[in-house]
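Notes for the one structure printed next.
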Amino acid sequence: MSAWNEKPVVITLAPTGAEVTREDNPNVPYAPAEIARSSCEAAEAGAALIHIHVREDDGTPSGRPELFEETIRLIREGSDLITMVSTGGAIWMGIDERTTGLEANPDLAGVETGSLNFGEEAFVTIRPHGLGIIERAEKAGIPLEVEAFEVGHVAEAVRMLEVGELPEPLRVNLVFGVPGGIDASPEALAAMLRPLPPETPWTVTCVGRHQQRMLALGLLNGATGIRVGFEDAVYVAKGQLADSNADLVRMAAELAKNLGREVATIPEAREILVLDGAR
Ligand code: KMH
Ligand code: ZN
20 MSAWNEKPVV ITLAPTGAEV TREDNPNVPY APAEIARSSC EAAEAGAALI
70 HIHVREDDGT PSGRPELFEE TIRLIREGSD LITMVSTGGA IWMGIDERTT
120 GLEANPDLAG VETGSLNFGE EAFVTIRPHG LGIIERAEKA GIPLEVEAFE
170 VGHVAEAVRM LEVGELPEPL RVNLVFGVPG GIDASPEALA AMLRPLPPET
220 PWTVTCVGRH QQRMLALGLL NGATGIRVGF EDAVYVAKGQ LADSNADLVR
270 MAAELAKNLG REVATIPEAR EILVLDGAR
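Converting from the sequence shown to this note's numbering requires adding 19 to each position, the first position being numbered 1.
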């Protein structure tokens, strides 16, 4: 088993998401050019991977394929960042609208292995939909990352791996603090890690006020990566709105360094996430 601080930590940026708006923070990027500019700036600050949702210019979450294509094209023009498309979209989207990013030739795609309440709504991914995403991604040669919001999602991902429904290697993003999902606590981290085979790359995402504590817990427990960005939190410190996604990445990089973890370069991140040769 690798020591907790042996490998540099991969910083993922989730620049936009589907829920936050400029009323929450006026600096949230919406248009492809804004998302790409914000992502490339964040790469300078230490981000290696971008978790992409797209919006219409007015901020409405969108599944228009042109927006994914344009965003990825511009990110690639301005950086070597690893691009990952969300297939979670927004809660009100049907599965077709959620998965248009798979056509945009990303380096990686997210996939859900279960459902949960999501605030006042439900975020539903039934098994056939998850399996459909996996099949499409495999056909297109796109590696996958499981987005897990509670322990059952992790256990299901491991079971799917064991029966060959999910391709090797398993990569998992553990998401804490979503109302309706697992809470943000040390016990929650231990519970989410328990089903995982040793050496599985795992990253920590946390929404809400415990974000920095959960990222720190992940860093000290050997997380492969941590995620920040406006999708998860609009504050860079208590009561202080972030000026940009780069601001949030600088916070994450400083946290990692203070806890004895180096920040992975983009080539290191490709190796750590077993993505080499992927694109
Ligand atoms: N916007 C959430 C309903 C993902 O990207 O895979 C789903 C989400 C998860 O953001
Ligand atoms: Zn997302």
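Note that the Cβ used here is the ideal one computed from N, Cα and C, for glycine as well.
- Residue pairing for P27: DSSP places it in no beta bridge.
- By the neighbour-count criterion, in which a residue is buried when 16 or more other Cβ atoms sit within 10 angstroms of its Cβ, E60 is buried.
- Distance from the CA of I91 to the CA of Q230, rounded to the nearest whole angstrom, comes to 27 Å.
- Taken through DSSP and simplified to helix, strand or coil, M112 comes out as coil.
- Going by DSSP, N277 is part of the alpha helix (DSSP H) stretching over 264-277.
- Between the beta-carbon of L163 and that of A156 there is about 5 Å, and that keeps the pair under the 8 Å contact cut.
- T118 is positioned such that its CB atom lies no closer than 8 Å to that of V165.
- Just so you know, the alpha carbons of I285 and G138 end up roughly 34 Å apart.
- The straight-line gap separating the alpha-carbon atoms of A288 and L68 is approximately 8 Å.
- In the DSSP annotation of this structure, H172 is not part of any beta strand (DSSP E); the continuous alpha helix (DSSP H) holding it starts and ends at 170-181.
- Fully enclosed alpha helix (DSSP H) runs of no fewer than 4 residues occupy 146-159 of the stretch 127-174, in order along the chain.
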